[in-house]
Amino acid sequence: MAFKTGDFVKVEKDGVFFEGHVIPGEAGYVTLKMVGGGYVSGFLENEVKVTVLTSDAASAPPEAPKQVVRNTAKGAGIKISPSGKKITIITTGGTIASYVNQDTRTVKPSFTGEDLLLEVPELEGFADFKIRDVFHLLSENMKPSNWKELAQVIYDEIKSGADGIIVTHGTDTMTYSAAAAAYMIDTPVPIVFTGSQRSPDRPSSDNHMNLMCAARAAAGDIAEVLLVMHGSSSDDFCSVHRAVKARKMHTSRRDTFKSVNMFPIANMDYFTGELTFLSNYVNYAKRGENELKITPALEEKCAIVKFVPGADPAIFDFYVEKGYKGIVLEGVGLGHVSDDWIPSLKKAADKKIPVVITSQCINGSTALGTYETGLAMRESGVVDAVDQLTESVFVKLMWLLGQDLDYEKVKELIVTEMKGDMSSMIID
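All residue numbers for the sequence shown refer to this note's numbering, where the first residue is 414 and numbers rise by one.
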């Protein structure tokens with residue numbers, strides 16, 4: 414019997430039966446999102462018998478209620494109640510929108526937002542979804558010009574009445590794009606970045622759970638730019654991170670993102686959607702508190718320079734001589750470089766090029782006044798990032814310079830807390 418994407422089907426192979434929704438896949442294969450909701454299986458069409466149970470992509474099998482989308486060993490299910498919200502899904506590419514090319518065995522973005530929703534039929538009826546397919550890029554190919562375009566699309570959708578935004582994005586540079594959106598946009602509604610570490614055609618893909626959690630967060634009350642992904646290696650909860658405080662910490666684990674120098678704002682139970690707030694020290698903007706505003710200008714001629722023992726200061730001089738407008742310098746420990754870099758730092762200050770020092774350590778804060786070298790760096794014009802992440806302070810520097818502020822004002826504001834980028838409590 415003929416079948417199409419979205420059909421709920423039963424597949425028989427070697428006397429064993431499998432049920433699930435047909436999702437986009439390679440030609441010649443039947444690719445199913447299984448009843449459990451988190452796993453994908455593929456079958457060669459000429460080796461199986463396919464029976465269409467229903468052509469309604471939102472329907473569940475006859476023996477299971479529509480709202481139950483995943484059964485656990487304990488028999489519990491996930492229930493999604495309608496939110497009544499208007500949510501725009503903005504796709505940019507990345508692993509969450511990719512399949513493995515069977516010829517090259519490499520991953521390439523090919524999904525649209527509509528394809529993503531077909532992969533998660535349980536979201537049918539949860540919200541009034543609108544799709545904006547903006548880019549089809551692996552995230553290493555995202556550039557500042559893409560950040561600006563993306564911010565404008567987000568702004569336009571909120572201005573047009575969206576109650577929440579989901580941005581699907583590759584994980585490798587997600588924190589840069591999310592930080593750019595955070596600094597460029599004052600938002601009255603949640604803006605949620607999500608993605609996946611493993612493509613949807615892999616049995617262990619995290620796309621289903623991450624998109625489910627992102628949708629709940631987009632319909633929720635935390636009106637900031639958020640990053641929502643697996644909080645553990647199991648399919649049990651997602652972490653809701655403040656975008657400017659999150660970092661990708663592992664190349665392949667599904668719980669790759671961690672909040673640095675703070676806890677995530679909350680953890681979200683996958684099965685119930687319930688939020689558990691993790692600290693009394695985190696205040697977050699609530700839905701409707703802020704007025705919508707966009708300031709998308711960026712100074713793209715900024716750089717990140719990493720100091721290593723024995724590094725020639727000519728590496729730093731290169732950016733000064735090439736006319737770069739701002740530099741983030743990753744120092745060691747509390748934010749140090751060797752003494753022979755001090756003259757180069759002074760040259761940058763003489764040319765009114767702001768230099769911000771971060772630490773290569775994961776946790777903690779820079780403190781230039783602790784050691785003699787640090788004090789000399791401060792006297793040469795370098796400013797502390799305190800506990801701001803290299804990724805977010807780099808984007809913040811680009812954004813501040815894009816606002817045509819003078820040198821002293823940029824130095825003042827780069828160390829001023831914005832969008833929650835400096836922690837109120839450092840975790841020792």
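Glycine included, each C-beta is placed from N, C-alpha and C at the ideal position.
Cutting at 7 Å between CB atoms, please list the residues of its own chain near D634, excluding the five before and the five after it. Along the sequence shown, one-based indexing puts residue 634 at 221. Around D634: K699, R700.
DSSP has H643 in a bridge; who is on the other side? Within the sequence shown, the letter at position 230 stands for residue 643. For H643, which the question treats as bridged, DSSP gives the partners C651.
State the Cα-Cα distance for the pair Y820 and E830, rounded to the nearest angstrom. Counted from its first residue, the sequence shown places residue 820 at position 407. Counted from its first residue, the sequence shown places residue 830 at position 417. Distance between the alpha carbons of Y820 and E830 is about 18 Å.
For P495, count neighbouring C-beta atoms within 10 Å of its own C-beta (all shown protein chains included) and say buried if the count is 16 or more, exposed if not. By one-based count along the sequence shown, residue 495 stands at place 82. Counting Cβ neighbours within 10 Å, P495 comes out exposed, since fewer than 16 surround it.
Taking a contact to mean a Cβ-Cβ separation below 9 Å, would you say T584 touches Q610 in this structure? Counting from 1 along the sequence shown, the entry for residue 584 is found at position 171. Counting from 1 along the sequence shown, the entry for residue 610 is found at position 197. Result yes, Cβ atoms of T584 and Q610 sit closer than 9 Å.
Are L445 and V429 closer than 9 Å when you measure CB to CB? One-based indexing of the sequence shown puts residue 445 at position 32. One-based indexing of the sequence shown puts residue 429 at position 16. Cβ atoms of L445 and V429: not closer than 9 Å.
With three or more beta-carbon pairs closer than 8 Å as the criterion, would you say the region 755-764 touches the region 784-798? yes
Which residue's Cα is closest to the Cα of W560: S617, T586, K765? As a working mapping, residue 560 is identified with position 147 in the sequence shown. Among S617, T586, K765, the Cα nearest to that of W560 is on T586.
Output the distance between the C-alpha atoms of D682 and C626, rounded to the nearest integer angstrom. One-based indexing of the sequence shown puts residue 682 at position 269. One-based indexing of the sequence shown puts residue 626 at position 213. Roughly 8 Å separates the two Cα atoms.
Sort out for me which residues DSSP pairs I755 with in a bridge. Position 342 of the sequence shown holds residue 755. I755 pairs with nothing; no bridge assigned.
Cβ-Cβ distance between E663 and E532 below 9 Å: Start at 1 with the first residue of the sequence shown, and residue 663 comes out as number 250. Start at 1 with the first residue of the sequence shown, and residue 532 comes out as number 119. According to the sequence displayed, residue 663 carries His and not Glu. Not closer than 9 Å, so no.
Taking three-plus beta-carbon pairs below 8 Å as touching, is the region 628-643 in contact with the region 768-786? no
Of all the options K706, G506, K822, D576, which has the alpha carbon lying nearest to the alpha carbon of Y596? Residue numbering aside, residue 596 sits at position 183 when the sequence shown is read from its first letter. Closest by alpha carbon: K706.
The beta strand (DSSP E) with E821 in it runs from where to where? Locating residue 821 in the sequence shown gives position 408, counting from the first residue. No beta strand (DSSP E) holds E821; the alpha helix (DSSP H) holding it covers 820-827.
Any beta carbon from chain D within less than 9 Å of G455's own beta carbon? You won't find chain D in this structure, because it holds only one protein chain.
Less than 7 Å between C-beta atoms, sequence neighbours within five positions excluded: which residues of the same chain meet that for V465? Looking up residue 465 in the sequence shown gives position 52. Correct list, in chain order: M414, F416, D420, V422.
Measure the alpha-carbon distance for A592 versus D427 and round it to whole angstroms. Stepping through the sequence shown from its first residue, residue 592 is reached at position 179. Stepping through the sequence shown from its first residue, residue 427 is reached at position 14. Spanning the two alpha carbons is a distance of roughly 50 Å.
Buried or exposed for A679, please, with buried defined as at least 16 other CB atoms from any protein chain shown within 10 angstroms of its CB. What you label residue 679 is simply residue 266 of the sequence shown in a count that begins at 1. Classification for A679: buried.
Spatial distance of G441 from V463 (CA atoms): Position 28 of the sequence shown holds residue 441. Position 50 of the sequence shown holds residue 463. Cα to Cα, G441 sits roughly 13 Å from V463.
Less than 8 Å between C-beta atoms, sequence neighbours within five positions excluded: which residues of the same chain meet that for V461? For the purposes of this step, residue 461 is taken as residue 48 along the sequence shown, with counting starting at 1. Closer than 8 Å at Cβ, skipping near neighbours: V424, E425, K426, V443.
Can you give me the C-alpha to C-alpha distance between K498 and I770, rounded to a whole angstrom? On the sequence shown, residue 498 is found 85 positions in, with the first residue counted as 1. On the sequence shown, residue 770 is found 357 positions in, with the first residue counted as 1. Those two C-alpha atoms are separated by around 42 Å.
Residue closest to F524, alpha-carbon to alpha-carbon, out of L536, A540, L551, D541: On the sequence shown, residue 524 is found 111 positions in, with the first residue counted as 1. Per the Cα distances, L551.
Hey, A762 and S805 are a contact pair by Cβ (cut 8 Å); roughly how many whole angstroms apart? Sequence index remark: in the sequence shown, residue 762 carries index 349 (1-based). Sequence index remark: in the sequence shown, residue 805 carries index 392 (1-based). Going by Cβ atoms, the distance from A762 to S805 rounds to 23 Å, so no, they are not a contact pair.
Among the residues of its own chain, which have a CB less than 7 Å from the CB of P709, if the five just before and after it don't count? If you number the sequence shown from 1, residue 709 lands on position 296. Result list for P709: K561, A564, Q565, M597, in chain order.
Kindly indicate the opening and closing residues of the alpha helix (DSSP H) around T505. Numbered from 1 along the sequence shown, position 92 holds the residue referred to as residue 505. Here T505 belongs to no alpha helix (DSSP H); instead the beta strand (DSSP E) covers 498-506.
DSSP three-state call for D427: helix, strand or coil? As a working note, residue 427 is residue 14 in the sequence shown. Note: D427 maps to coil in three-state DSSP.
Quick one, which of G608, A632, K661, D569 has its alpha-carbon nearest T803's? Start at 1 with the first residue of the sequence shown, and residue 803 comes out as number 390. Of G608, A632, K661, D569, the residue nearest in Cα terms is K661.
Is the separation between the beta-carbon of M811 and that of E713 shorter than 9 Å? Reading the sequence shown from its first residue, position 398 is the one you call residue 811. Reading the sequence shown from its first residue, position 300 is the one you call residue 713. In this structure, E713 lies closer than 9 Å to M811 by Cβ.
Distance between V808 and A656 (C-alpha atoms, nearest Å): Locating residue 656 in the sequence shown gives position 243, where the first residue counts as 1. Locating residue 808 in the sequence shown gives position 395, where the first residue counts as 1. If I take the Cα positions, the gap works out to 12 Å.
So the candidates are V796, H549, R545, Y589; which of them puts its Cα closest to the Cα of Y568? Position 155 of the sequence shown holds residue 568. Per the Cα distances, R545.
Cβ-Cβ separation, V795 to V768 (assumed contact under 8 Å), whole Å: Indexing the sequence shown from 1 puts residue 768 at position 355. Indexing the sequence shown from 1 puts residue 795 at position 382. Between V795 and V768 the Cβ distance is about 5 Å, and since that is below 8 Å, they are a contact.
Quick check on R791: does DSSP put it in helix, strand or coil? Numbered from its first residue, the sequence shown carries residue 791 at position 378. Of the three classes helix, strand and coil, the one that applies to R791 here is helix, per DSSP.
State buried or exposed for T689, treating a residue as buried only when at least 16 other CB atoms are found within 10 Å of its CB. Counting from one through the sequence shown, the residue named residue 689 turns up at place 276. Counting Cβ neighbours within 10 Å, T689 comes out exposed, since fewer than 16 surround it.
Along the chain, which unbroken stretches of the alpha helix (DSSP H) at least 4 residues long are found entirely within the region 542-608? 557-572, 587-597
What's the gap between the Cα of N484 and the Cα of G815? Along the sequence shown, one-based indexing puts residue 484 at 71. Along the sequence shown, one-based indexing puts residue 815 at 402. Bear in mind that the predicted position of N484 carries a pLDDT of just 28, short of 50, making it too unreliable to give a figure here.
Whole angstroms are fine: how far does the CA of N620 sit from the CA of N674? Taking the first residue of the sequence shown as 1, we reach residue 674 at position 261. Taking the first residue of the sequence shown as 1, we reach residue 620 at position 207. Going from the Cα of N674 to the Cα of N620 covers about 27 Å.
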